[in-house]
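See below for the structure under consideration.
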Amino acid sequence: MDEGISRLPERQLLEHRDFIGLEYPALYMCKPKRGVKRDESKETYKLPHRLIEKKRRDRINECIAQLKDLLPEHLKLTTLGHLEKAVVLELTLKHLKALTALTEQQHQKIVALQSGERSVKSPVQADLDAFHSGFQTCAKEVLQFLSRSESWTPREQRCAQLLGHLHAVSSQFLPGPRLLSPPPG
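Put into structure tokens, the structure is as follows:
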């Protein structure tokens, strides 16, 4: 054993043969610190991680509950029973898109009024005008078809009722000029 130690300054490195015959039971019993830290850190990591995750879920649930409270009643009534989280998020998106579109329309009106334009039609008004125009065109086609029909006598009452109904709808629900001629009478 003294031989191995005396050779140490010459080589400056220890080799496996230098340890032959020597027993170091204390070395085998010690675990590296990294292993100890991992085992302990798993347990110590789980508890804070669970708490952090629970707090995160609680914050998400609280925000969804606040969104649910902010939704207009008519949107809440579109679903039956309990509103699921996904439904609350979908309804919120739908409502925000509607509000954004309304805000954009109002902004366009303000810009148009500031620039001096007198009447600016909103997209909703433009859609109503297009519907009105389509309804009037359809009613004219019906009127032309009925006027071309030669046998008015057996169906005269039904034709008059249909034309009266088209007139009523045209005047009651649709603004603008009345393009239909009065029903034959």
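Letter by letter, the sequence shown follows residues 237 to 421 of the numbering used here.
Note that the Cβ used here is the ideal one computed from N, Cα and C, for glycine as well.
*For valine 324, count neighbouring C-beta atoms within 10 Å of its own C-beta (all shown protein chains included) and say buried if the count is 16 or more, exposed if not.*
What you label residue 324 is simply residue 88 of the sequence shown in a count that begins at 1. Buried is the call here.
Am I right that isoleucine 300 and lysine 321 are in contact with their C-beta atoms under 8 Å? What's the rounded C-beta distance? On the sequence shown, position 64 is the one that residue 300 refers to. On the sequence shown, position 85 is the one that residue 321 refers to. 5 Å between Cβ atoms; contact.
Look at the alpha carbon of phenylalanine 367 and the alpha carbon of proline 359, and state the distance between them as a whole number of angstroms. As a working mapping, residue 367 is identified with position 131 in the sequence shown. As a working mapping, residue 359 is identified with position 123 in the sequence shown. Near 12 Å, if we compare the C-alpha coordinates of proline 359 and phenylalanine 367.
Taking C-beta to C-beta, are leucine 327 and leucine 307 nearer than 7 Å? Walking along the sequence shown from the start, residue 327 turns up at place 91. Walking along the sequence shown from the start, residue 307 turns up at place 71. Taking 7 Å as the Cβ cut-off, leucine 327 and leucine 307 qualify as a contacting pair.
Serine 351 versus threonine 339: straight-line alpha-carbon distance, rounded:
For the purposes of this step, residue 351 is identified with residue 115 of the sequence shown, where counting begins at 1. For the purposes of this step, residue 339 is identified with residue 103 of the sequence shown, where counting begins at 1. Spanning the two alpha carbons is a distance of roughly 18 Å.
### Query
DSSP state of threonine 314, grouped into three classes?
Locating residue 314 in the sequence shown gives position 78, where the first residue counts as 1. Of the three classes helix, strand and coil, the one that applies to threonine 314 here is coil, per DSSP.
What residue range does the alpha helix (DSSP H) around glutamate 340 cover?
Within the sequence shown, residue 340 is the residue found at index 104, counting from 1. First-last of the alpha helix (DSSP H) with glutamate 340: 321-351.
Contact check, alanine 375 vs leucine 332, beta carbons under 7 Å | For the purposes of this step, residue 375 is taken as the residue at position 139 of the sequence shown. For the purposes of this step, residue 332 is taken as the residue at position 96 of the sequence shown. Cβ atoms of alanine 375 and leucine 332: not closer than 7 Å.
**Prompt:** According to the Cβ coordinates, are leucine 316 and lysine 304 closer than 7 Å?
**Reply:** The residue given as residue 316 occupies position 80 in the sequence shown. The residue given as residue 304 occupies position 68 in the sequence shown. In this structure, lysine 304 does not lie closer than 7 Å to leucine 316 by Cβ.
Cβ-based burial, leucine 287 [other Cβ within 10 Å; buried from 16]: Counting from 1 along the sequence shown, the entry for residue 287 is found at position 51. Burial call: exposed.
message: So, with DSSP's three-state summary, where would you put leucine 308?
response: By one-based count along the sequence shown, residue 308 stands at place 72. Just to set this straight, residue 308 is proline in the shown sequence, not leucine. It is coil, neither helix nor strand.
(message) Classify leucine 335: buried if its beta carbon has 16 or more other beta carbons within 10 angstroms, exposed otherwise.
(response) Reading the sequence shown from its first residue, position 99 is the one you call residue 335. Exposed is the call here.
*Roughly how many angstroms lie between the CA atoms of alanine 404 and alanine 362, to the nearest whole one?*
On the sequence shown, position 168 is the one that residue 404 refers to. On the sequence shown, position 126 is the one that residue 362 refers to. Computed Cα separation, rounded: 22 Å.
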